[in-house]
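Engineer: Chains A and B are the protein sequences, given in the same order.
End of the first sequence sits at 358 in this note's numbering; the numbers just go up one at a time, nothing left out.
End of the second sequence sits at 1150 in this note's numbering; the numbers just go up one at a time, nothing left out.
Positions of the beta carbon are idealized from the N, C-alpha and C atoms, including for glycine.
These numbers come from a predicted model, not from an experiment.
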Amino acid sequence: MRFALSEDQALLQHSTREFFAAEFPMERNRQVLEADGPGFDPAAWARLAEMGYVGVTVPAARGGQGLGAVELAVVLEEMGRHGVPGPLFDAMLAATLLAAAPGHEALLADLLNGRRLVTIARDEALYAGPAAVDTTFADGRVRGTKHYVPFGGSADALLVTTTDRIVIAHGPFAVTALPTFDPGERFASVIVDGGAEPLGPLTLLEPIDRLAAVGAGALLLGIMAKLLETTVAYTRTRQAFGKPIATFQALQHRMADMLARTESTRAAVYRAAWCIDTGDPDGALACAAAKAWAGDAARLVCGEAIQMHGGIGFTWELDVHFYLKRAKTLEQHYGATGAQLERALAATGY
Amino acid sequence: MDLRLSPVHLAFRDELRAWLGANLRRPWRDELRDPGHSEDSLMQLRRGWQRKLHHAGYLGLDWPREWGGRGATAVEKAIFDAEMAEADAPQIPNTLGIGLLGPALIHHGSEEQRRRFIPSMLAADEIWCQGFSEPGAGSDLASLKTSAVLDGDHFVLNGQKVWTTFGPWADWIFVLARTDPKDRYGGISFLLCKLDTPGVTVRPLRQLTGESEFGEVFFEDVRVPRANLVGHVGEGWRIAMTVLAYERGAVGLAMANRYGRDLRELAAACRDLGRTDTASREKLARLVVENDVLRAAGVRMLATLAEGRVPGAESSLEKIMWSEFDKRFRETALDLLGPGGQLLRSAPGARSEVDWAREYLWSRAGTIYSGSSEIQRNIIAKRVLELPQDGR
Chain A
9 MRFALSEDQA LLQHSTREFF AAEFPMERNR QVLEADGPGF DPAAWARLAE
59 MGYVGVTVPA ARGGQGLGAV ELAVVLEEMG RHGVPGPLFD AMLAATLLAA
109 APGHEALLAD LLNGRRLVTI ARDEALYAGP AAVDTTFADG RVRGTKHYVP
159 FGGSADALLV TTTDRIVIAH GPFAVTALPT FDPGERFASV IVDGGAEPLG
209 PLTLLEPIDR LAAVGAGALL LGIMAKLLET TVAYTRTRQA FGKPIATFQA
259 LQHRMADMLA RTESTRAAVY RAAWCIDTGD PDGALACAAA KAWAGDAARL
309 VCGEAIQMHG GIGFTWELDV HFYLKRAKTL EQHYGATGAQ LERALAATGY
Chain B
759 MDLRLSPVHL AFRDELRAWL GANLRRPWRD ELRDPGHSED SLMQLRRGWQ
809 RKLHHAGYLG LDWPREWGGR GATAVEKAIF DAEMAEADAP QIPNTLGIGL
859 LGPALIHHGS EEQRRRFIPS MLAADEIWCQ GFSEPGAGSD LASLKTSAVL
909 DGDHFVLNGQ KVWTTFGPWA DWIFVLARTD PKDRYGGISF LLCKLDTPGV
959 TVRPLRQLTG ESEFGEVFFE DVRVPRANLV GHVGEGWRIA MTVLAYERGA
1009 VGLAMANRYG RDLRELAAAC RDLGRTDTAS REKLARLVVE NDVLRAAGVR
1059 MLATLAEGRV PGAESSLEKI MWSEFDKRFR ETALDLLGPG GQLLRSAPGA
1109 RSEVDWAREY LWSRAGTIYS GSSEIQRNII AKRVLELPQD GR
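(1) Within 10 angstroms of the Cβ of VAL328/A, are there 16 or more other Cβ atoms? Answer buried if so, exposed if not.
(2) Compute the Euclidean distance between the alpha carbons of ARG1150/B and GLN257/A, then round it to the nearest angstrom.
(3) Going by alpha carbons, who is nearest to PRO1097/B out of ASP1020/B, ALA1115/B, GLU1111/B?
(4) If you follow the alpha helix (DSSP H) that TYR242/A is part of, which residue opens it and which one closes it?
(5) Taking the Cβ atom as the reference point for each residue, do GLN888/B and LEU854/B lie within a distance shorter than 7 Å?
(6) Using a beta-carbon distance cut-off of less than 7 Å, what residues from the stretch 278-293 of chain A approach chain B?
(7) Work out the CA separation of PHE1083/B and ARG1103/B for me, nearest whole Å.
(8) Indicate whether the contact test is met: 3 or more Cβ pairs, each with one atom in the stretch 336-351 of chain A and one in the stretch 290-303 of chain A, closer than 8 Å.
(9) If you follow the alpha helix (DSSP H) that TYR331/A is in, where does it begin and where does it stop?
(10) What does a CB cutoff of less than 6 Å around ARG262/A pick up in its chain, not counting 5 residues either side in sequence?
(11) Are there 16 or more other CB atoms within 10 angstroms of the CB of ASP909/B, so buried, or fewer, so exposed?
(12) Residues of chain A with a CB under 8 Å from the CB of GLU1040/B: which are they?
(13) Can you give the Cα-Cα distance for ARG804/B and ILE850/B, rounded to whole angstroms?
(14) So if I threshold CB-CB distances at 9 Å, which residues from the stretch 232-251 of chain A count as touching chain B?
(15) Go to TRP777/B, then tell me how far its alpha helix (DSSP H) extends in each direction, as first and last residue.
(16) Less than 8 Å between C-beta atoms, sequence neighbours within five positions excluded: which residues of the same chain meet that for LEU80/A?
(17) Checking contacts by CB at 7 Å: is MET59/A closer than that to chain B?
(18) Where does LYS831/B fall in DSSP's three states?
(19) Give me, in chain order, the residues of the same chain whose beta-carbon lies closer than 7 Å to that of TRP821/B; leave out the 5 immediate sequence neighbours on both sides.
(20) The alpha helix (DSSP H) with ARG1116/B in it runs from where to where?
(21) Determine, using beta carbons only, whether HIS317/A comes closer than 7 Å to chain B.
(22) Out of curiosity, what's the CA-to-CA distance linking ILE1138/B and GLY857/B?
(23) Cβ closer than 9 Å: which chain B residues qualify as neighbours of VAL78/A?
(24) Compute the Euclidean distance between the alpha carbons of GLU844/B and ALA1008/B, then round it to the nearest angstrom.
(25) So what's ILE850/B in DSSP terms, helix, strand or just coil?
(26) When you check each C-beta in the stretch 82-101 of chain A against every C-beta of chain B, which residues fall closer than 9 Å?
(27) Using a Cβ cut-off of 7 Å (strictly closer), state whether ARG10/A contacts chain B.
(28) How about LEU56/A and LEU96/A: are their beta carbons less than 7 Å apart?
(29) So if DSSP puts PHE976/B in a beta bridge, which residue, or which two residues, is it bridged to?
(30) Given a limit of 8 Å on CB to CB distance, which residues of the stretch 184-195 of chain A reach chain B?
(31) Straight-line CA distance for GLY1099/B to ARG1044/B?
(32) I believe ASP938/B touches GLY992/B by the beta-carbon criterion, under 8 Å. Please report the beta-carbon distance rounded to the nearest angstrom.
(33) Which residues bound the beta strand (DSSP E) around VAL198/A?
(34) Can you pull the chain A neighbours of ARG762/B, defined as C-beta to C-beta under 7 Å?
(35) Using the Cβ count rule (16 or more neighbours within 10 Å means buried), how would you classify SER14/A?
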C-alpha cells in the first residue's frame, strides 16, 4: 500500500513542475490573461502539445501516453499551481473522449500534436436550470446552440452532444465570445449547423465525467496549495503592531484550516484518480466526492487568501484574484457541485 | 500509488471478519437500546468483550509478542480499529490502559512493572483510568499542579484529576504529578496509583449527555510506593508525549466506517419520513461527500503507515477532520429528523436505529478531548506551516 506517487509519477510531477515554471511564469501568464486574444499563447501551446501533455490519458496505441487518471491529476495539479492559461485540460478531456471511439485518427493525431484544437461542447443553458440537450443530429447534419464551449473561439472541431449521440462537428463555427470574470477560461456560445460525423453513444461521457471531476479537483488542489503557500509567505513578512502577522493565533488557526482543506482535497482527488485507474467500485462516489469537496474547499482557501492579504488582496496587481476566478469556474463547470451531490447520492443508492 | 491492502493485510482483515462473525453477539447499538441493560451491566459486557479479544490475541496487537501482542504493524492495528467500527463492536473498558499505559510501560517501565501490570490490564482484571487533565490544566497540560513529594520510599500525592474516563469503574489510575514546582516540563513524573489507596476519592462526573463515563479523582496525602514510578523522576512529560503518539493511529478509516453506518440509517430514516425534498437531499449528500473524503484521508493515513512512516502532524489534521465532521453530521441529522431526533430512547416513538439525541450530544466531546481542535491547529501552525511563534 502506498499513497505516495510511484517513481515514474514523481518524475512526471517533477518534470512538469520544471517545465511549467520555465515556460509559464506568472508574469507571462498575466500577459495572456490580460489580453483579449484566444486565452493562450499559440507558441506555448505548441510546446505543451509537443511534450505530449494533451495525450496523457490517451492509449499509446492511439498515439497518446497511455497513462491514467493519477498522471492526469499530477499534471493538472501543477497546471493549477502555476496558473497556466489555456485549453490543456479541455483538450485532454476531448482527446480522451475522441480516443474512446474507433477511427478519427487524423483528428486525434492533430489534437495530440497541437495542430488542431478540439474541445467538448455540451451545455445548452446560460444559467442554472434544466439543461436539456436539444441539439439534433440527422442526415449527417448537426444543428443546435451550445454555451460555455471551452475555447470555442479557437476550436477547429467540437465534440458535440446531441439528443442521442456525440458527434464531431468541424469548424469554422458561428461563435460569440462569452466572457466571464475568469480570463483563464475563454468560453463561447457556438451555433453548430453543418456536416458532422457520429462519434459514439452518450454513454461514452460517463468515464469522461469522472475524469473531468478528478481533473478539475486536481486543478483546484494546485490552486489551493499555491494560495496557501503565498498566504503563509505573505503573513510571515507582513508586519503589523510591530510583528509579523503570522504570529497571530487568529490567523494561524485559519491557515491551519486552509491546510486541512487542501490536504483533505489531496487525499480525495488522488484516491478518486486511483479508483478510476483500477476500476474500483468506490470510484463513482469517490470522484463525485472529490469534485464537490474540492469546489467547497477552494472557496474557503481562496477567500482566506484574499482576506489575509488585506487591502493588497483586493488589487488587480496581486495574482491571487486570477486563482480565485479560476477556482470559481472549475467549481461551476466539469460537473458543478449540485450535479456531483446528485451523483454521490446515486452512487450510494440513498 | 497503490491503495489496495496487501495480501497479508487482506488475510488479516478476513480473519478478523470471520472472528467477529463468530464472536460478536450483536452490535453495540443493539445492546444500548436493550432496556434490560444498566450502565453497570453494559460495563460488564465491555469487560467480557475485552476478555474475548484478549484470548483471541487481538489486544496489544502492535506490542512485542512477549507482552501478549502479535508484533503486528500499525497498519494491522488500524485495520483492526476499522473492522471493529464497521461491526459496531463494544468499546473495550481498558482503552486508555492499553492505548497509553501499555506503551509507556513497554518503553519506559521496569521489567517488574511490566510483569505486574500488563497481563491484568489485557485481561480486564484491572481497569485503568488516565490522570492527566486537571480542573486548571486542560489544553495547557504542563501547568498541572497535582503534587508528588518523596517521603522515604513513598510519594505523597495531593491534588485533583478530572475527565478520568471510566473513573467510576477503574481500579488503577496513571497520574502525571508535579515533583518539581520550578521546572515546567522536567518537574513532572509518571506514577501508578491504586484507587483504593487511603486518601483517594473517586466521584462520577455527570456529563451533558446525562451519563457518567468520566470521573473526578481527588488525592489527599495519598502514599504511592516509589516502585510505582514509571521511568525516572522528572521523565513524566517525555513519557506522556511519546505515548500520546500511540493514541494517534490511523483512526480516520474507523471513523468513516462508523459514520458510514449511521449515514445509511439516516438515509433510510429520511425515506421513511418522506424527507426527499431538494434541501434535505442536498444536506444528506453533503454528509455523504464529507464522509467519503474522511475515508480518503483515512486510506491515505493507512498508506502512510504502510510505507513505514510515522504520522506526525498529519494526525492533527485527521483529528480535526473527523471530530469537526462528527459535529456537522449530528447537527444535520437532527435537521433532517426534525424534533423527533431529540427524543430519548425511552420516549414513545423514538427511532431505534441510532440514538440520534445521544450522538448529537456526544459529538460535542470529540473536538475537546485528546487535544482540542484549537490545540491541533496550534500543532499544525507550528509543525507543518512553521509559522513564527510569538512567545507561545
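Structural biologist: Considering the structure as presented:
(1) buried
(2) Legend: pLDDT at ARG1150/B = 47, less than 50; position of this residue unreliable, value from coordinates given subsequently. Between ARG1150/B and GLN257/A, the C-alpha separation is close to 10 Å.
(3) ALA1115/B
(4) Looking at the DSSP string, the run of the alpha helix (DSSP H) that includes TYR242/A is 213-245.
(5) yes
(6) TYR278, ARG279, TRP282, LEU293
(7) 24 Å
(8) yes
(9) 328-340
(10) Correct list, in chain order: GLU312.
(11) exposed
(12) GLY346, LEU349
(13) 5 Å
(14) LEU236, VAL240, THR243, ARG244, LYS251
(15) First-last of the alpha helix (DSSP H) with TRP777/B: 765-781.
(16) VAL64, THR65, MET100, LEU219, VAL222, GLY223, ALA226, ALA281
(17) no
(18) Note that residue 831/B is Thr in the sequence shown, not Lys. Three-state result, THR831/B: coil.
(19) GLY827, GLY860, ILE864
(20) Per DSSP, ARG1116/B belongs to the alpha helix (DSSP H) from 1114-1124.
(21) no
(22) 23 Å
(23) MET759
(24) 15 Å
(25) Looking at ILE850/B - three-state DSSP - the assignment turns out to be coil, as it is neither helix nor strand.
(26) none
(27) yes
(28) yes
(29) GLN918/B, THR959/B
(30) none
(31) 19 Å
(32) 7 Å
(33) 195-208
(34) MET9
(35) exposed
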